[in-house]
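Read the structure below first, then the notes.
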Amino acid sequence: MTESDLTHLLRAARGPVDPERAIALSAPPLQGIEPDSDTAEDWLRAERAQCRILAERALERGIEGALQRDEPARALPAARRLRGLDPLREQSHRLLMQLHAARGDRAMAMAQYRSCRDTLRRELDLAPSPETEALMRSLASPEMPPRDDYRISIAVMAFAHAEDDPDAQFLAEGIAEDITTELSRHRDFLVMARPTSARFASGGALARDLGVR
Numbered sequence: 098m099t100e101s102d103l104t105h106l107l108r109a110a111r112g113p114v115d116p117e118r119a120i121a122l123s124a125p126p127l128q129g130i131e132p133d134s135d136t137a138e139d140w141l142r143a144e145r146a147q148c149r150i151l152a153e154r155a156l157e158r159g160i161e162g163a164l165q166r167d168e169p170a171r172a173l174p175a176a177r178r179l180r181g182l183d184p185l186r187e188q189s190h191r192l193l194m195q196l197h198a199a200r201g202d203r204a205m206a207m208a209q210y211r212s213c214r215d216t217l218r219r220e221l222d223l224a225p226s227p228e229t230e231a232l233m234r235s236l237a238s239p240e241m242p243p244r245d246d247y248r249i250s251i252a253v254m255a256f257a258h259a260e261d262d263p264d265a266q267f268l269a270e271g272i273a274e275d276i277t278t279e280l281s282r283h284r285d286f287l288v289m290a291r292p293t294s295a296r297f298a299s300g301g302a303l304a305r306d307l308g309v310r
C-alpha cells in the first residue's frame, strides 16, 4: 500500500464513500514485504492492524451510504467484505442478518446466523452473544416477542462536531462506535448497529421513526 493508498483509505474511513470504492480500498495492505528483524515485523503487524481498522470503518461508511439511499442489495458485498476482515466480529454478522432481512430474504438471514454460531463455536468454543440471539429470534418470526423478552433498545448517535473539521468527525464517529461496542456486551441492552443508527440524521429523527422518546 502506497502513501497515496493510505490517504485514500483514511479519507474513505471518514466518509462518505461508495461501497464499491470501500471494497477496493480494503484489500490486504503491505503484501509481499518480508521483515528482516523483530522490530520490522512488529512495525508491519501494527501497520496492518491499523489499516484493517480503517478498512472496517470505510466499509461501514459505504454501507451507511447505501442504506441511506435504501439500497440494501448494494450494501451486501461491502458487508460480506467487512465480515471477511474479521469473521469473529459478531457485529458484522448481525449487520448481514439485518441486510438480508431488509431485502425480504429471511432464509438468508437465518443462514447468516448459523454461520456466525458455527464460526464462534469452532474458533472460540463460544455461543453467540445475547444481542445476536435476540436479533435471530426477531427475524425468525414476524410475531412480537413475549413481553418478558423485551430489553432496553439503544442507538448511539455520532457526537456533535464541527462540520468543516474531518478530524473531529472521525473522532466523533470513532467514539460512538466504541460506545456501541461496549454497550453490546451487556445482555440487558439491545444495541442498534452503527450503520443502522447512522441512517438517521439526528436522535430526534430516530426517536420519531421508532416511536420512542
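The sequence shown begins at 98 in the working numbering and counts up one residue at a time. Glycine included, every Cβ here is placed at the ideal spot set by N, Cα and C.
* Can you give the Cα-Cα distance for GLY271 and ARG149, rounded to whole angstroms? -> About 14 Å.
* By how many angstroms is the C-alpha of ALA265 removed from the C-alpha of GLY314? -> An answer regarding residue 314 cannot be provided, because it is not within the stretch 98 to 310 covered by the chain.
* Close beta carbons around PRO125, own chain, < 8 Å, minus the five adjacent residues each side -> The answer, listed in chain order, is ARG145.
* Asked: Hey, would you say GLU161 sits closer than 9 Å to LEU182, going by beta carbons?
  -> Note that the C-beta distance between GLU161 and LEU182 is not below 9 Å.
* Is the closest heavy atom of the ligand SAM to the C-beta of LEU103 under 8 Å? -> Although the ligand SAM was asked about, the structure shown includes no ligands whatsoever.
* Between which two residues does the alpha helix (DSSP H) carrying PHE267 extend? -> Secondary structure note for PHE267: its alpha helix (DSSP H) is the uninterrupted segment 263 to 280.
* Asked: Could you give the distance in angstroms between the alpha-carbon of ALA208 and the alpha-carbon of ASP261?
  -> One Cα belongs to ALA208, the other to ASP261, and the distance between them is close to 42 Å.
* Asked: Going by C-alpha distance, which of MET254, ARG214 and LEU122 is nearest ARG186?
  -> Considering only alpha carbons, the answer is ARG214.
* If you draw a straight line from the C-alpha of ALA163 to the C-alpha of PRO174, how long is it? -> Approximately 11 Å between the Cα atoms of the pair.
* To do: Give me the Cβ distance between ARG191 and LEU232, rounded to the nearest whole Å; I'm assuming they're in contact under 8 Å.
  => The Cβ separation is near 5 Å, so the contact holds.
* Chain-order list of residues whose beta-carbon lies under 6 Å from that of ILE110 (same chain, five-residue window excluded) -> Here the sequence assigns Ala to residue 110, which means Ile is not the residue at that position. Counting only Cβ-Cβ distances below 6 Å, and skipping sequence neighbours, we find LEU151, ARG154 and ALA155.
* Can you round the beta-carbon distance between ARG200 and ALA170 to whole angstroms, since I take them to be within the 8 Å contact cut? -> Indeed they touch by this definition, with Cβ atoms about 6 Å apart.
* Take GLU228 as the anchor and find which of ARG178, ARG118 and SER189 has the nearest alpha-carbon. => Minimum Cα distance to GLU228 is reached at SER189.
* Asked: Under the three-state reduction of DSSP, which class applies to LEU134: helix, strand or coil?
  -> Note on residue identity: the sequence assigns Ser, not Leu, to residue 134. SER134: coil per DSSP, three-state reduction.
* Run of the alpha helix (DSSP H) containing SER235, from where it starts to where it stops -> Its alpha helix (DSSP H) spans residues 227 to 237.
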